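Read the structure below first, then the notes.
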Amino acid sequence: MRRFLPLTVEEARGELDVILVTGDAYVDHPSWGVSAIGRWLEAHGFSVGIIAQPDWTNPESFRALGRPRLFFGVTAGNMDSMVNRYTASRRLRTDDAYAPGGEVGRRPDRATIAYTSRCKQAYPGVPVIAGGIEASLRRLVHFDFWQEKMRGSILLDAKADLLVYGMGELQVVEIARRLAAGKTIAECRDIHGVAYALGMKETRPEASETVIELPSLEECQADPLAFNRVTMLMYRESNPSCGRTLTQRHGTRWVVQNPAMRSLTTEEMDRLHELPYAGLAHPCYRQPIPALESIKGSITVNRGCSGGCSFCARTIHQGKDDVSRSTESVLSEIKQMTERPDFNGIVSDLGGPTANMFHMRCNSEEANLVCRRVSCLHPVRCKHYGTDHKPYLSLLRQARAMPGVKRVFVNSGIRYDLASLDDEFVEELAKYHVQGQLSVAPEHAATAALNKMRKPEIKYFTAFMERFRKANADAGKPQFLVPYFQCAHPGVGPEECIELALYMKREKLRPRQVQMFMPTPATLATAMYVSGVDPYTKEPVYVARGARERNRQRALLFYWKKEEAPHVREALIAWGRADLIGDGPNQLVPPGPAWPSWQDKARRDANTRYDTHMGMKIERASREEEQEERWEAVAALGVSG
Numbered sequence: 001m002r003r004f005l006p007l008t009v010e011e012a013r014g015e016l017d018v019i020l021v022t023g024d025a026y027v028d029h030p031s032w033g034v035s036a037i038g039r040w041l042e043a044h045g046f047s048v049g050i051i052a053q054p055d056w057t058n059p060e061s062f063r064a065l066g067r068p069r070l071f072f073g074v075t076a077g078n079m080d081s082m083v084n085r086y087t088a089s090r091r092l093r094t095d096d097a098y099a100p101g102g103e104v105g106r107r108p109d110r111a112t113i114a115y116t117s118r119c120k121q122a123y124p125g126v127p128v129i130a131g132g133i134e135a136s137l138r139r140l141v142h143f144d145f146w147q148e149k150m151r152g153s154i155l156l157d158a159k160a161d162l163l164v165y166g167m168g169e170l171q172v173v174e175i176a177r178r179l180a181a182g183k184t185i186a187e188c189r190d191i192h193g194v195a196y197a198l199g200m201k202e203t204r205p206e207a208s209e210t211v212i213e214l215p216s217l218e219e220c221q222a223d224p225l226a227f228n229r230v231t232m233l234m235y236r237e238s239n240p241s242c243g244r245t246l247t248q249r250h251g252t253r254w255v256v257q258n259p260a261m262r263s264l265t266t267e268e269m270d271r272l273h274e275l276p277y278a279g280l281a282h283p284c285y286r287q288p289i290p291a292l293e294s295i296k297g298s299i300t301v302n303r304g305c306s307g308g309c310s311f312c313a314r315t316i317h318q319g320k321d322d323v324s325r326s327t328e329s330v331l332s333e334i335k336q337m338t339e340r341p342d343f344n345g346i347v348s349d350l351g352g353p354t355a356n357m358f359h360m361r362c363n364s365e366e367a368n369l370v371c372r373r374v375s376c377l378h379p380v381r382c383k384h385y386g387t388d389h390k391p392y393l394s395l396l397r398q399a400r401a402m403p404g405v406k407r408v409f410v411n412s413g414i415r416y417d418l419a420s421l422d423d424e425f426v427e428e429l430a431k432y433h434v435q436g437q438l439s440v441a442p443e444h445a446a447t448a449a450l451n452k453m454r455k456p457e458i459k460y461f462t463a464f465m466e467r468f469r470k471a472n473a474d475a476g477k478p479q480f481l482v483p484y485f486q487c488a489h490p491g492v493g494p495e496e497c498i499e500l501a502l503y504m505k506r507e508k509l510r511p512r513q514v515q516m517f518m519p520t521p522a523t524l525a526t527a528m529y530v531s532g533v534d535p536y537t538k539e540p541v542y543v544a545r546g547a548r549e550r551n552r553q554r555a556l557l558f559y560w561k562k563e564e565a566p567h568v569r570e571a572l573i574a575w576g577r578a579d580l581i582g583d584g585p586n587q588l589v590p591p592g593p594a595w596p597s598w599q600d601k602a603r604r605d606a607n608t609r610y611d612t613h614m615g616m617k618i619e620r621a622s623r624e625e626e627q628e629e630r631w632e633a634v635a636a637l638g639v640s641g
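When the count follows my numbering, it moves up by one through the sequence shown with no breaks and lands on 641 for the last residue.
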C-alpha cells in the first residue's frame with residue numbers, strides 16, 4: 001500500500017518536526033509544491049505532516065496534528081489564492097481545480113495571511129514560515145489588482161517569522177537543520193532565498209556594494225515610477241551568483257530580501273522526483289481532484305525558463321536558468337509507470353514550463369556568474385545561450401521505444417522560435433508526439449506589443465506554423481496548432497488589437513481561448529500597467545484600463561463569432577475604424593447593429609450568480625467566460641510557451 005504523509009494525529013503516530021499548511025487538497029505528487037517540500041524534508045530526516053484546506057476561521061483546524069517541534073510551513077497552494085478565485089474580469093471562478101470535486105470556497109482570499117495568523121493562534125511561539133508562489137511574488141511591495149492599490153510585503157501582513165521565496169527545497173532543509181540544532185529563527189536570516197522583517201528596534205543593513213535600498217512602500221504608493229524601479233531591481237538582482245541584498249522601508253519597519261538561492265542541480269532534481277510519492281490524492285477524498293486528473297500520465301522533465309516574458313512570473317520565482325532531470329531518471333520513471341496495472345501505454349506529456357528547453361543552458365559559466373539579463377532570448381538571443389535540441393530528441397526517442405509504451409506526447413508549451421532552429425525537431429514532433437493539436441503561445445502579432453511582452457516577432461510563429469503544417473502533411477496526420485493570444489496587455493492599444501485580428505483572419509486562425517491580461521504581483525507587465533511606462537526603456541506604454549476597453553479588445557479577437565459581431569462593430573466604430581465593417585476580404589465583421597458588451601445584459605443575467613465579498617457584490621463567471629478566461633491563470637503561474 002502506498003504511504004502518504006500524515007493528515008491526522010493517528011497517521012502521524014507521534015510528534016512531527018514540521019507541519020505544512022496548504023490551500024490545496026493533498027495530492028502526493030511532485031507537481032504539488034507542498035508534497036515536494038514535504039517529501040524532500042522527509043528524505044533529509046525530518047518527520048512531516050500536512051494540514052490541507054483547513055477551516056481558516058477556526059484555530060482548532062490548525063491543531064489537527066498537534067504542535068510541530070520545529071515550525072509551521074504555510075503556502076496558499078499551487079496558485080496565488082486571488083488568481084485561483086477570480087478571473088481577469090474580477091468575477092468569481094466557477095471551480096477550483098485543486099479542491100475535491102472542483103468545489104469553490106475551500107480557501108480564503110490571500111490565504112497565506114489567514115493561515116499564518118491561525119497557526120500563531122493555535123500554537124503561540126512556534127515559528128511560522130511562509131512560502132509558495134503567493135508569498136514568493138508578494139515578498140516586497142506589490143500591486144494588488146483586486147484592490148487596485150499598492151500593498152506592502154506579505155511578511156508584515158501575515159506576521160510570518162520568515163519567508164522562503166523561489167522553489168524552496170534547499171532553504172527549508174537548511175532552516176530545519178538549524179532549528180533542530182537549537183538555533184533560533186533569527187539565526188536563519190543569513191540563508192539565501194529568504195526574506196524577513198526587522199523589528200522596530202533592529203538596525204537595517206546599510207546600503208553598500210552588496211546591499212541596495214529600494215524605494216519604500218510610501219514612495220511606491222505616491223509615485224508609480226518608484227514601483228517600476230523596485231520591479232526592475234528585483235529582476236536584475238535575481239541571479240544567485242551576483243544578486244545583492246535588497247532592503248525596503250514600510251513605515252517604521254524594514255523588510256530585507258537576501259540574494260536568491262541557487263537552483264537545484266540535475267542530480268538533486270533527479271532525487272526530488274524519485275522520492276516515494278504515491279502519485280494519488282489522499283484516500284480521505286471521495287471526489288476527484290481536477291488538477292490531478294489533468295496531469296495523469298505526465299512526467300516533469302525540467303523547471304525554470306530563460307524566456308523572461310513580461311507577463312510571466314517564472315523568472316522571479318523558479319529562476320531564469322532551466323534545470324533539467326537526467327534522461328536516465330526520466331526513463332526510470334516511465335518504466336515504473338508501465339508497471340502500474342492502470343497504465344494504458346500513453347505518456348500524456350514529457351515536459352515542463354517550456355518542454356524543448358530540456359538541458360538548454362548558458363554555455364559560458366563566466367558570463368552566467370555576472371549576468372543580469374531578464375531574458376536569454378529577448379531582445380536578441382544571447383550568444384552564450386545553448387539551443388541544442390539533441391538531449392530532448394534523444395529522450396523522446398528512447399521513451400517511445402520502451403516496452404509497454406504506445407505513444408509519448410508533448411502537451412507542455414514549446415518555444416517555437418527555438419524549435420525552428422533544429423533541423424529535425426519540428427518534423428519529429430509532428431510525426432510522433434502531437435496528440436491531434438499542439439499548443440503554442442505567440443501572444444500577439446503587432447511588433448510593438450510583442451516588444452513589451454518580451455516575445456519574438458510574429459514572423460517566427462508564421463514560419464513555424466508553415467513548417468508544422470508541412471510536417472503534418474508529410475506524416476499524413478490531420479493535426480493543427482492551438483495558438484494562444486492575449487488582449488489588454490500593456491502596449492496593446494486599438495491599433496495593435498486590430499493588427500492582431502487582421503493577422504488571425506489572414507492566417508485563418510480561430511482560437512477557442514483568448515487570455516485577458518491580469519496584472520499579477522511581481523511581473524514587469526504589472527509594473528507597466530501601474531505606471532504606463534516601460535521600466536527598462538522608460539518609454540510611455542498604452543494601458544487598456546477599465547472593463548469597457550478591455551472587453552472591446554477581447555471581443556475583437558473573436559470577430560468571427562456571430563454573437564460577438566455587435567460588440568466588434570461597437571469597438572471598431574469607437575476606435576474610428578468603421579472601414580473594417582463590411583463583407584470584403586480585408587474587413588472583419590459584416591454590417592449590422594452595434595452595442596457595447598458591458599451593457600449587454602441578456603446573456604450575462606442568464607448566467608450570473610452573485611456573492612457578497614468584502615462589502616461588494618461580485619459576479620460569478622459563466623461557464624463560457626470561465627473557459628475563455630482560463631488561460632490567464634497559466635500566465636500567473638509562470639507557464640511559458
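Positions of the beta carbon are idealized from the N, C-alpha and C atoms, including for glycine.
Bear in mind the structure is a predicted one, so any value in this text is a computation, not a measurement.
Asked, Found
"Kindly give me the distance between the Cβ atoms of Y392 and N356, rounded to whole angstroms, as I take these residues to be in contact under 8 Å.", "6 Å"
"Rounded to a whole number of angstroms, what is the C-alpha to C-alpha distance between S394 and I334?", "15 Å"
"In its own chain, which residues sit with a C-beta less than 8 Å from the C-beta of W598, not counting the 5 before and 5 after it?", "The predicted model places W598 with a pLDDT of 43, which falls under 50 and marks its position as unreliable, so this point remains unresolved."
"Among D223, A197, I191, I212, which residue has its Cα nearest to the Cα of R262?", "I191"
"Could you pull out every unbroken alpha helix (DSSP H) segment of at least 4 residues lying fully inside the stretch 256-338, listed in chain order?", "266-273, 290-295, 314-317, 327-338"
"What would DSSP say about A130, mapped onto helix, strand or coil?", "strand"
"Could you check which residue in H444, K383, L438, A445 has the C-alpha nearest to that of R469?", "L438"
"Could you check if I581 is buried or exposed, using at least 16 other CB atoms within 10 Å of its CB as the buried criterion?", "buried"
"What alpha helix (DSSP H) runs, 4 residues minimum, are completely inside the stretch 89-142?", "111-122, 132-137"
"Hey, quick one: how far does the beta strand (DSSP E) through R249 stretch, first residue to last?", "245-250"
"If you compare alpha carbons, which of P593, H273, G66, C497 is closest to Y542?", "C497"
"Thinking C-alpha only, which one of V256, G251, P283, V301 is nearest T265?", "V301"
"My output table needs one value for L481: the three-state DSSP class, helix, strand or coil.", "strand"
"Measure from the alpha carbon of R106 to the alpha carbon of each residue in S117, S81, R91, then state which is nearest.", "S81"
"May I ask you to verify whether the stretch 409-416 touches the stretch 486-502, counting CB pairs closer than 8 Å and requiring at least 3?", "no"
"Taking contact to mean 3 or more Cβ pairs, one atom from each stretch, closer than 8 Å, check whether the stretch 133-142 and the stretch 204-213 are in contact.", "no"
"Rounded to whole angstroms, how far is the Cβ of G193 from the Cβ of G166, which I believe are closer than 8 Å?", "5 Å"
"Return the residue from the list S31, Y235, G251 that minimises the CA-CA distance to A197.", "G251"
"A12 and G49 - do their beta-carbons sit closer together than 8 Å?", "yes"
"Using alpha carbons as the reference points, say which of G584, P535, Q513 lies closest to C487.", "Q513"
"Quick one: what's got a C-beta closer than 6 Å to P108's C-beta in the same chain, skipping five residues either side?", "W56, A114"
"With a threshold of 8 Å, are at least 3 pairs of Cβ atoms found where one atom belongs to the stretch 420-435 and the other to the stretch 449-458?", "no"
"Can you tell which of M518, K149, P403, P259 has the C-alpha that lies nearest to the C-alpha of S332?", "P403"
"Give me, in chain order, the residues of the same chain whose beta-carbon lies closer than 6 Å to that of I558; leave out the 5 immediate sequence neighbours on both sides.", "Checking the sequence, you will find Phe at residue 558 rather than Ile. Closer than 6 Å at Cβ, skipping near neighbours: E564."
"Mapping the DSSP letters down to three states, classify Q587 as helix, strand or coil.", "coil"
"Apart from the five residues just before and just after K320, which ones in its own chain have a Cβ nearer than 6 Å to its Cβ?", "S306"
"Pairs of beta-carbons, one from the stretch 279-289 and one from the stretch 233-248, closer than 8 Å: are there three or more?", "no"
"Could you tell me which whole beta strand (DSSP E) segments of length 3 or greater appear in the stretch 461-543?", "480-487, 514-516"
"How is W254 classed by DSSP in three states: helix, strand or coil?", "strand"
"In this structure, what does DSSP give as the bridge partners for V405?", "Paired residue(s): none; V405 is not in a bridge."
"Taking 8 Å as the cut-off, decide whether the C-beta atoms of R138 and P521 are in contact.", "yes"
"In chain order, what are the residue ranges of uninterrupted beta strand (DSSP E) at least 3 long that sit wholly in the stretch 168-246?", "194-197, 211-213"
"Would you report the Cα separation of S329 and P442, rounded to the nearest angstrom?", "32 Å"
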